[in-house]
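Student: The structure follows.
Okay, structure coming up:
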């Protein structure tokens, strides 16, 4: 049966538009049952926490701490997965009658993960029981040092082990450790933390703490882990809870970033919630964001949120500066002959934003990219992948070059002497070849992947009624989009452009139509370079995401254009 025939069958049996059915088939959903499970999930999607290796021991460990009435120090990573993990554990342990303190590293003074100085500081502050979360699986030396000082350590992580053995902790929860058969190894740090708190609450006879799922949704989407059935169930429920969160900080975020009553989607978390919450940690220290997440008083939330917005404005300015320099470097060195993997380095580039710059370059050139900041002879890097390339595998094979490294397939970080950058570049290219990654894109326009080609009129359920239902009403039911289930991207040819104007910041605003379809509002962020092309032909090919636009209390379909040719 051809894909188009499968799509026609799904469209008829499910009562969905043919475009929606074609999109689902392109993503591998070819039966009514598969689509229904995507939309509604299953009671079996959420797994027992006791299936995870080490969970029995972890609960006994924390119950012993509770029995002794001792405090736990929670040490988390500085990204949103780490901060939501610390927030969830702090709230969960408090509800279980266990006192805690939290610590987050600064990516500037402390670097990535647990450090010797952090161990010293916690010990001097009275720490005898430590939980590392979203970090720790590769901190073998640091945890050995903590044990020498007499501390008991539990590691809750989701990253891959280093390959040099497991850390000598008292308890380890990480679905990637050898011997763990937990059916969902794609949990992020806050996902593993939630499983731990669920098991603890079950042990204490408390109900399942679903009120924490908004935190799980934020961390899961921000960390771009795979949308497995369990991750999808957690995230779908968590996004709904964000509309009426119990936590004052999240209430303030929702009210500031979303229109009243609007659904929070994966794309909202990626482009609005996550950048704002990550901004302080990118520029200096992550503590202000965590204080907002942990905020107990509604009256305090607006002030904390305002501080985050100030940090975010500074982050945007610095990010734009370094992006321009990195783009210019790529063009000057490579021109049109872009290698399969990009390594771009600059002197004293702000390490807090190189991860975002790396992601932008990866998108612009459709290549796995590492952006390195060289300071005092050391290069500190943040890397982002594209489909077909695994950064964890590539870095693991070159781990002898690094002072520190960590991450997973899609995103990673590392530090090495600046003199070894060229050697690393050669090794990474070899790894790409061994992985079968060539840099070629089987289906693309202007470097942009897309799902299916469409006629613009298909975006409306009834092409004669522009104010009626659209395909977005159906895509909303498929949320969350993230990880291995990204937001829908379409291609349309022979598109006519109307009312083109340039906005401040290099963005283009326009209306587009095609073969008698209604005109749709469209925005093209950062595509000022395409203005001349549009002016010459007025008929172009576009790759775009269909999104909701809210204005004056109404919502309408808007195309977010990713590329124009």
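Residue numbers (the numbering used here): 4 to 568. Even for Gly, the Cβ is constructed at its ideal location relative to N, Cα and C.
#1: Residue 26 lies in the alpha helix (DSSP H); which residues open and close that run?
#2: Whole angstroms are fine: how far does the CA of residue 256 sit from the CA of residue 246?
#3: Does the distance from the CB of residue 459 to the CB of residue 515 come in under 8 Å?
#4: Going by DSSP, what residues sit across from residue 499 in a beta bridge?
#5: Would you report the Cα separation of residue 429 and residue 415, rounded to the nearest angstrom?
#6: Any chance you could list the alpha helix (DSSP H) runs of at least 4 consecutive residues sitting entirely within the stretch 207-257, in chain order?
#7: The ligand FAD and residue 222: does the residue's C-beta get closer than 7 Å to at least one heavy atom of that ligand?
#8: Given that a residue counts as buried once 16 or more other Cβ atoms are within 10 Å of its Cβ, and exposed if not, what is residue 465?
#9: If you count every other CB in all the chains shown that lies within 10 Å of the CB of residue 549, and 16 or more means buried, which is it?
#10: Within this structure, are the beta carbons of residue 89 and residue 293 separated by less than 8 Å?
#11: Under DSSP, the alpha helix (DSSP H) around residue 478 begins and ends at which residues?
#12: For the 8 Å Cβ check, are there 3 or more pairs between the stretch 208-225 and the stretch 28-38?
#13: Counting pairs of Cβ atoms below 8 Å between the stretch 336-352 and the stretch 288-304, do you hit three or more?
#14: Enumerate in chain order the residues of its own chain whose CB-to-CB distance from residue 510 is below 8 Å, with the five nearest sequence positions on each side excluded.
#15: Taking the straight line between their C-alpha atoms, what separation do you get for residue 145 and residue 117?
#16: Apart from the five residues just before and just after residue 240, which ones in its own chain have a Cβ nearer than 6 Å to its Cβ?
#17: In chain order, what residues of the same chain lie with their CB nearer than 7 Å to the CB of residue 282, ignoring the 5 residues before and after it?
#18: For the putative contact between residue 280 and residue 83, defined by C-beta atoms under 8 Å, what is the C-beta separation to the nearest angstrom?
#19: Taking the CB atoms as reference points, tell me whether residue 386 and residue 419 lie closer together than 8 Å.
#20: Does the distance from the C-beta atom of residue 396 to that of residue 366 stay below 8 Å?
#21: Looking only at its own chain, which residues have a Cβ that is under 6 Å from the Cβ of residue 447, when we skip the five neighbours before and after it?
#22: Would you mind sorting residue 554 into buried or exposed? The rule is 16 or more other CB atoms within 10 Å of its CB.
#23: Would you decide whether residue 177 is buried or exposed? Buried here means 16 or more other CB atoms lie within 10 Å of its CB.
#24: For residue 195 and residue 161, what's the separation of their Cα atoms in angstroms?
#25: Using the Cβ count rule (16 or more neighbours within 10 Å means buried), how would you classify residue 320?
#26: Just checking, does the stretch 481-497 make contact with the stretch 268-275 on the three C-beta pairs under 8 Å criterion?
#27: Expressed to the nearest angstrom, what Euclidean distance is found between the alpha-carbon atoms of residue 185 and residue 157?
#28: Starting from the C-beta of residue 104, find all residues in its chain whose C-beta is less than 6 Å away, skip the five residues before and the five after it, and write them out in chain order.
#29: Should residue 5 go down as buried or exposed, given a rule of 16 or more other Cβ atoms within 10 Å for buried?
#30: Given a cut-off of 8 Å, decide if residue 174 and residue 148 are closer than it, judged by their beta-carbon atoms.
#31: How many Å lie between residue 238 and residue 273 at the Cα?
#32: Let's see if you can read the secondary structure: which residues bound the beta strand (DSSP E) around residue 55?
#33: Inspect the beta-carbon positions of residue 143 and residue 168 and report whether they are closer than 8 Å.
Tutor: According to the structure data:
#1: In the chain shown, residue 26 corresponds to position 23, counting from 1. Per DSSP, the unbroken alpha helix (DSSP H) holding residue 26 starts and ends at 21-29.
#2: Against the chain shown, residue 246 aligns to sequence position 243. Against the chain shown, residue 256 aligns to sequence position 253. Approximately 10 Å between the Cα atoms of the pair.
#3: For the purposes of this step, residue 459 is taken as residue 456 along the chain shown, with counting starting at 1. For the purposes of this step, residue 515 is taken as residue 512 along the chain shown, with counting starting at 1. Annotated as proximal: residue 459 and residue 515, with beta-carbon spacing under 8 Å.
#4: Position 496 of the chain shown, counting from 1, holds the residue named residue 499. Beta-bridge analysis with DSSP links residue 499 to 516, 542.
#5: Numbered from its first residue, the chain shown carries residue 429 at position 426. Numbered from its first residue, the chain shown carries residue 415 at position 412. Taken atom to atom, the span from the alpha-carbon of residue 429 to that of residue 415 is near 18 Å.
#6: Runs of the alpha helix (DSSP H) lying entirely within the stretch 207-257, each at least 4 residues long, are 216-225, 232-245 in chain order.
#7: The model on display carries no ligand, and the ligand FAD is accordingly not part of it.
#8: Walking along the chain shown from the start, residue 465 turns up at place 462. Residue 465 comes out exposed.
#9: Taking the chain shown and counting its residues from 1, one reaches residue 549 at position 546. Label assigned to residue 549: buried.
#10: What you label residue 89 is simply residue 86 of the chain shown in a count that begins at 1. What you label residue 293 is simply residue 290 of the chain shown in a count that begins at 1. In this structure, residue 293 lies closer than 8 Å to residue 89 by Cβ.
#11: Numbered from 1 along the chain shown, position 475 holds the residue referred to as residue 478. 474-478 is the span of the alpha helix (DSSP H), which, as asked, contains residue 478.
#12: Touching, no, given that fewer than three Cβ pairs across the two stretches are closer than 8 Å.
#13: The stretch 336-352 and the stretch 288-304 do not touch, with fewer than 3 CB-CB distances between them shorter than 8 Å.
#14: Position 507 of the chain shown, counted from the first residue, corresponds to residue 510. 526, 527, 528, 529, 530, 531.
#15: Taking the first residue of the chain shown as 1, we reach residue 145 at position 142. Taking the first residue of the chain shown as 1, we reach residue 117 at position 114. Whole-angstrom Cα-Cα distance: 7 Å.
#16: By one-based count along the chain shown, residue 240 stands at place 237. If we look at residue 240 and ignore the five residues flanking it on each side, its Cβ neighbours are 216.
#17: Numbered from 1 along the chain shown, position 279 holds the residue referred to as residue 282. Here the set comprises 311, 314, 315, 318.
#18: Translated into the one-based positions of the chain shown, residue 280 becomes position 277. Translated into the one-based positions of the chain shown, residue 83 becomes position 80. Yes, residue 280 and residue 83 are in contact; Cβ-Cβ is about 5 Å, under 8 Å.
#19: Mapped onto the chain shown, residue 386 falls at position 383. Mapped onto the chain shown, residue 419 falls at position 416. No; because the gap between Cβ atoms is not below 8 Å, this pair is not in contact.
#20: Reading the chain shown from its first residue, position 393 is the one you call residue 396. Reading the chain shown from its first residue, position 363 is the one you call residue 366. No, the pair does not count as a contact, with Cβ atoms beyond the cut-off.
#21: For the purposes of this step, residue 447 is taken as residue 444 along the chain shown, with counting starting at 1. Below a pLDDT of 50, predicted positions are generally treated as unreliable, and residue 447, at 43, falls in that range; the measurement from the model is reported next regardless. Excluding positions up to five away in sequence, the list is empty.
#22: Here residue 554 refers to the residue found at position 551 when the chain shown is read from its first residue. The residue in question, residue 554, is exposed, as its Cβ has fewer than 16 Cβ neighbours within 10 Å.
#23: By one-based count along the chain shown, residue 177 stands at place 174. So residue 177 counts as buried.
#24: What you label residue 195 is simply residue 192 of the chain shown in a count that begins at 1. What you label residue 161 is simply residue 158 of the chain shown in a count that begins at 1. Their Cα atoms are separated by approximately 7 Å.
#25: For this step, residue 320 is matched to residue 317 along the chain shown. With fewer than 16 Cβ atoms within 10 Å of its Cβ, residue 320 is classed as exposed.
#26: In the pairwise beta carbon analysis, the stretch 481-497 is classified as touching the stretch 268-275: at least three pairs are separated by under 8 Å.
#27: Taking the first residue of the chain shown as 1, we reach residue 185 at position 182. Taking the first residue of the chain shown as 1, we reach residue 157 at position 154. The straight-line gap separating the alpha-carbon atoms of residue 185 and residue 157 is approximately 18 Å.
#28: For the purposes of this step, residue 104 is taken as residue 101 along the chain shown, with counting starting at 1. Listed in chain order, the non-local C-beta contacts of residue 104 below 6 Å within the same chain comprise 76, local neighbours out to five positions each way being set aside.
#29: The count along the chain shown starts at 1 and reaches residue 5 at position 2. Answer is exposed; the Cβ neighbour count stays below 16.
#30: Working through the chain shown from its first residue, we reach residue 148 at position 145. Working through the chain shown from its first residue, we reach residue 174 at position 171. One thing to note: residue 148 has its Cβ no nearer than 8 Å to the Cβ of residue 174.
#31: Counting from 1 along the chain shown, the entry for residue 238 is found at position 235. Counting from 1 along the chain shown, the entry for residue 273 is found at position 270. Rounded to the nearest whole angstrom, the C-alpha separation of residue 238 and residue 273 is 13 Å.
#32: Along the chain shown, one-based indexing puts residue 55 at 52. Note, residue 55: premise wrong, no beta strand (DSSP E); not H, not E.
#33: What you label residue 143 is simply residue 140 of the chain shown in a count that begins at 1. What you label residue 168 is simply residue 165 of the chain shown in a count that begins at 1. Yes, the pair counts as a contact, with Cβ atoms nearer than the cut-off.
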